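Here the structure is laid out as structure tokens; the discussion comes afterwards.
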Amino acid sequence: MPFNQSPSKAQSVLGVSSPEFDGWIDLTPADFTRHLQRVLSKDANLSSQTISDILSYIQALPLPRRDVTPSQRIEFDRIGVALWNTCCKLGKSDERAQDVKGLATIRAFSYFLVESAASSKGKSIIRVVKHALKASKTCLNAGLHDLGSRIVEQLASKQEDLTQINQEHGCDKEHLINSLRWEYLLLRIVLGWKQGRLELADHFYAQLCDAQAEVGPEIVAKLIDLCYEIGNDHLGRNQSDVAAKWLERGCQLSDQSGASGDTDVHELRLTLLHTYVRALLSLPGAEAREESCKAMQTLRDGFGQKLCVIVLQLEVYKRDTSPDVEAYCHELMKLIRTTHLILSNHKLIMHYIHHLISISIDHAIEALLTYITTRLAPGEEPAWTDSAIVTLVWMITLSQPQDSSSVHDHATSRFNKIQTAGRMSVGPEAARAALVLLWRKVEDTFENGPKEDMIKWAQATLHTLFRHIEDHNAAKVQRKAMQCYMDLSDFEGASKTWNSIPSSQKQHPLSQYLHYCLALRSGDEAEVRSALTSLAAVHDDRNRLLFAAVSDAFHHGTKAHAAQLLQRIIDKYGDKLPAEVDPYALLRCTARLLITAIAESESIPEELLSRLCGVFKSASNLSQKHAAENEQYLQEFKWFRKTAYNCAVHNHKSWPARYLIDLLQYSSRIPCPPNLPESARLEKLIHETDVAFVQAALYTTEARSCAASWTIEDLPRTSYSSKSPPTSGEIRRTLYRNVFDIYTEFRRRLKQLQRDSPTRVEDSSQKVATIATLAFEAVLFVTTSGESPVHDMSPNQVLDEVIQFQPTKKTYSCLADMILSAAGAAIRVDGQQEQGHTSPQLSISTATQLLAKLIHGLRVQSDYDTAQAFRWIRCVVQVVLDRCGADSKLLASEYENGLTTVKTITEQALALARSALPPVKNGIGEDQSQQAYPPEELEWLATTLFNLSIDLYVTEAGSNCAPEGPVDQEPNEGAPIIKRPQFWAVKAVEFADLLADSALLKTDRKEAATGGDGSMLARLLRERCRSIGWDV
């Protein structure tokens, strides 16, 4: 509503009814004032309706003097002063939030009430002017420019009245009147500034300046404040030129005031200069820059240690295109050392440190390190310290020292200084952030920098300042350090790094891989084996680390190491190798490496031999899966088959037999693809027969050398089933059973070979006889061990097959030795059985039958040797008699069976000896092709049988002896003939007679000196028999 209204408004304010204002002014000023005071007592924040009501009254005020009665003026003055005082009290109170605009509006309303009540006297005018100055300032400060402008208009009308009062009262009121006038001019400057009419502000400022000599210091101080407020306001609105002009005025006034001792003026001068420099820095042009330098120097001279001055100087350096680094650092260090440590100041310091990075990162690092060690670390703000340390780490990683040897000084030494200052370690989050920064540097140096530097970066990363780094992150850095150590051939350093890795992280695949690489380079076999075991047990993405380790094994290890690793790959994958890996190539490479490593070894490396067998076993299993794929893998099959066989054959003298047997077995298991030519299948069959022959010989050799201390580990892996392994007492039996199994399979293949290629069978006849002999030995051992027959075949049946193959005389001798050994008595020493030997289980009758077969088979040979047969007879007799005489616990039936066997053998020997004597013509024996019975054998039989008769005689006499003494003994006619002493005496004399006949023939041939004793033995035996009473 416009402020100029008709006289009816005055009537309404005074309580006179008016139709025009009826409904919006219905209270007198006194009532409305009391209403306002009640509202203000409850809440200083006025409602919009209340404000609107106040403005309605203000629009009607001030009232013309003629319209207000004296009583009304008194009432207006009273309620105006009361309302003013209430606003002053509320303005000083901090208990409630104040409504600045509402209080300013009430103060304006109060002023207009007082103005309506004022008189024309000088004292009243001065009072009203003071009231108006305060009310207008309040309105302008509250942003009520229109209301403030209206009050200022009222003040303008009072200036002539003040001049008239000054003239009337002279010097008494001059000072006060002038002061009010200067206050008015200040208010007009403020109004021009607030209304954006700077030309008016300049005009009134010029008036004040013209009267500066008369203006008091208080007014000057206020003018300086006003200049600062105007300049700062325009600087905030980016009107730097206007701001610089008013701030310069304030600085000039401050210089002219000369009140340097006043603290407030001193601080105001600081503020003015500071803001003035800021304004000049915002202006373009060299003149402004030059002026800013002068103002800045003035500021530094007077306030160089002030925080704001230091910061402003740093800002000046920031704007310089080529700043002085040392000067910047000097000011920054002043800021670090002098500032009070609060959050805002901490951020300020970090801001200028960050800017210093663009100028000189080395200076920035030193500045931040100084800040941390002198202010943050000793303080009580760990979060700020951790943040600053992370920033320091970031800056260190950005630095590029010219001397690479100083890398350690740029990291570890600085961290040591921080710990010395009191910060022993950063928190987990800061440690993680520092790790990220340092890890990037570690990786970059690892790829592009010297390895020595990378190790130092790793050491810095693992500094105890960052002890809260997680184990898995620390292990990443340690693994990088291990790689660098190994690249530098510093195996001791790599080993120390490995030992420092947490135990939980040593199981990481990469840790195990690096441990294996380190062990290879160190040459520690035990460590290599342990590391390889651990590496093979880990599971990474498709086990690629195992393949990566192969290259290290080739370059830094031995062929044995590479072979062991390749076999680990084979064992780990089995038949599930990646598609890009050729399994046969992998197996072939492993086998070649193992063979070479074994050949280069000075001793017999049984571990490598075992691994070699494992490789061929894998090849055998793999080939059986691919057997149906025709010729695709034919060359692979041939290579593994021949290589395994050749290894076994060529090294049969140096390698343990159990490994040779396994190699041969795996060689024979490699199949032959179907649909191949007949020649290829025949070649495979011949190979299998050759393998069987060698295996049988090796099994027999192992069985013969088997000792009681042997365990299952001494057996070939292919000699038994893993589901039913033999016990320690079944080792030799298992070996012999394998011999016979091989012989059985050999016969089957031989029959097949006989059908396909008869000429090949003829070439293998000697091998057949040999393997049959070995099979006989196996069956004989199993039989003598009390086991059931092997494959339902007795020694007689096997011997028949052996003889069928027409073995050599040497083979016959071997067979006889086997039989006699099986039938021989256990050796006794002082009545105790020798350790390691067992009593024979082959019966004498069986041994006799077997020897008879041998003799019969030998006699059909073209080069028949009678002397050999005669010696076998002697051995059998000796074995039987030794057994009968050695075992006192022998049953009577067994004893009689033994004598019966001797009787049979001696009768056969007599027949053989008589048949060997040539017929006599003219008293001279004709020379025959058949060999005569050897005289020494006849002599031995005669002597042995006579001794047997004496033994029986003594035994019989002892059993019939009376207690009183010996008596004459009569022959026991009821005893069996084999138990009669005379029977054996007769046999002895018969052999002696044959010896005499043989001696007679040799005498005729003039050979008596070399054989027989003539009839002397026969006469001696007859004389002894007659002395006992035997008629022979």
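Per the numbering used here, the very first residue in the sequence shown carries number 1000; after that it's consecutive. Where a beta carbon is used, it is the ideal one built from N, C-alpha and C, also for glycine. Computed from a prediction, not measured in an experiment: that's the story for all the values here.
Can you give me the Cβ contacts of residue 1189 inside the same chain, cut-off strictly under 7 Å, excluding the 5 residues immediately before and after it?
-> Excluding residues within five positions, the ones whose Cβ falls inside 7 Å are 1139, 1225.
Close-in-space but distant-in-sequence residues of the same chain around residue 1442 (CB under 7 Å, 5 per side omitted) = So no residue of the chain qualifies.
Give the straight-line distance between the Cα atoms of residue 1819 and residue 1779, rounded to the nearest whole angstrom.
-> Answer to the nearest angstrom: the Cα atoms are 11 Å apart.
Is the region 1716-1735 touching the region 1749-1756 in the sense that three or more CB pairs, one from each, lie closer than 8 Å?
-> Contact between the region 1749-1756 and the region 1716-1735 is absent: fewer than 3 CB-CB pairs across the two stretches fall below 8 Å.
Can you say whether residue 1481 is buried or exposed, counting buried as having 16 or more other CB atoms within 10 angstroms of its CB?
-> That one is buried.
Helix, strand or coil for residue 1946, going by three-state DSSP, please let me know.
-> Helix.
Per the contact definition of three or more C-beta pairs closer than 8 Å, is the region 1593-1608 in contact with the region 1652-1659?
-> Verdict: yes, contact present.
Thinking C-beta only, is residue 1197 closer than 8 Å to residue 1187?
-> Going by beta carbons, residue 1187 and residue 1197 fall outside the 8 Å limit.
Beta-carbon separation (whole angstroms), residue 1429 vs residue 1388, contact threshold 8 Å | The pair is a contact, with the Cβ atoms about 6 Å apart (cut-off 8 Å).
What alpha helix (DSSP H) runs, 4 residues minimum, are completely inside the region 1479-1536?
-> Runs found: 1490-1499, 1502-1505, 1508-1521, 1524-1536.
For the region 1530-1538 against the region 1486-1497, are there 3 or more C-beta pairs whose distance is under 8 Å?
-> Pairwise C-beta distances place the region 1530-1538 out of contact with the region 1486-1497, as fewer than three of them are shorter than 8 Å.
Can you round the beta-carbon distance between residue 1221 and residue 1185 to whole angstroms, since I take them to be within the 8 Å contact cut?
-> Right, the Cβ-Cβ distance comes to about 6 Å (below 8 Å), so this counts as a contact.
Supposed close pair residue 1811, residue 1770 - CB separation, criterion 8 Å = At roughly 16 Å, the Cβ-Cβ gap does not stay under 8 Å, so residue 1811 and residue 1770 are not in contact.
Would you say residue 1082 and residue 1102 are within 8 Å of each other, going by their C-beta atoms?
-> Against a cut-off of 8 Å, the Cβ pair of residue 1102 and residue 1082 comes out as no contact.
Confirm, please, whether the CB-CB distance from residue 1125 to residue 1181 is below 8 Å.
-> No, they are not a contact pair.
Please look up how many angstroms separate the CB atoms of residue 1468 and residue 1436, rounded, as I've assumed it's under 8 Å.
-> About 12 Å; that fails the 8 Å criterion.
Since residue 1344 is in the alpha helix (DSSP H), which residue starts that stretch and which ends it?
-> Element bounds for residue 1344: 1342-1358.
Give the secondary structure of residue 1141 by DSSP, where H, G and I count as helix, E and B as strand, and everything else as coil.
-> Secondary structure of residue 1141 (DSSP, three-state): coil.
Could you give the C-beta distance for residue 956 and residue 1376, rounded to a whole number, given that I count them as a contact under 8 Å?
-> Nothing about residue 956 can be read from this structure; the chain reaches only from 1000 to 2031.
C-alpha distance - residue 1605 paired with residue 1611, whole-angstrom precision | Straight-line Cα distance between these residues: approximately 10 Å.
Assigned exposure category for residue 1946 - 16 Cβ within 10 Å defines buried | The residue is exposed, with fewer than 16 neighbouring Cβ atoms inside 10 Å.
State the CB to CB distance for the pair residue 1730 and residue 1705, rounded to an integer number of angstroms; the pair is presumed to be in contact (CB under 8 Å).
-> Between residue 1730 and residue 1705 the beta-carbon gap is near 6 Å, inside 8 Å, which marks them as a contact.
Cβ separation of residue 1870 and residue 1936, assumed to be a contact under 8 Å, to the nearest whole Å | In this structure residue 1870 is in contact with residue 1936, their Cβ atoms being roughly 7 Å apart against a cut-off of 8 Å.
Could you give the DSSP three-state label for residue 1726: helix, strand or coil?
-> Coil.
Since I believe residue 1526 is in contact with residue 1518 (beta carbons under 8 Å), could you give me their beta-carbon distance rounded to a whole number of angstroms?
-> By a beta-carbon distance limit of 8 Å, residue 1518 contacts residue 1526. Their separation comes to about 4 Å.
Residue nearest to residue 1085 in terms of C-alpha spacing, selected from 1036, 1051, 1501 | The residue with the shortest Cα to Cα distance from residue 1085 is 1036.
Should residue 1447 go down as buried or exposed, given a rule of 16 or more other Cβ atoms within 10 Å for buried?
-> Within 10 angstroms of the beta-carbon of residue 1447 lie fewer than 16 other beta-carbons, which makes it exposed.
Is the region 1345-1362 touching the region 1380-1394 in the sense that three or more CB pairs, one from each, lie closer than 8 Å?
-> The region 1380-1394, when compared against the region 1345-1362, does touch it at the 8 Å Cβ threshold.
Contact check, residue 1512 vs residue 1544, beta carbons under 8 Å = In contact: residue 1512 and residue 1544 (Cβ atoms closer than 8 Å).
Nearest-angstrom Cα separation, counted from residue 1726 out to residue 2023 | Roughly 57 Å between the two C-alpha positions.
How would you label residue 2016, buried or exposed, when you count the other beta carbons within 10 angstroms and need 16 or more for buried?
-> The residue in question, residue 2016, is buried, as its Cβ has 16 or more Cβ neighbours within 10 Å.
On the three-state DSSP scale, how would you describe residue 1292?
-> Helix.
Decide if residue 1240 is buried, meaning its Cβ has at least 16 other Cβ atoms within 10 Å, or exposed.
-> So residue 1240 counts as exposed.
Residue from 1397, 1578, 1100 whose Cα sits closest to the Cα of residue 1439 | In terms of Cα proximity to residue 1439, the closest of 1397, 1578, 1100 is 1397.
Quick one: Cα of residue 1192 to Cα of residue 1229, how far?
-> Those two C-alpha atoms are separated by around 7 Å.
Is the region 1314-1323 touching the region 1339-1347 in the sense that three or more CB pairs, one from each, lie closer than 8 Å?
-> Segments in contact, no.
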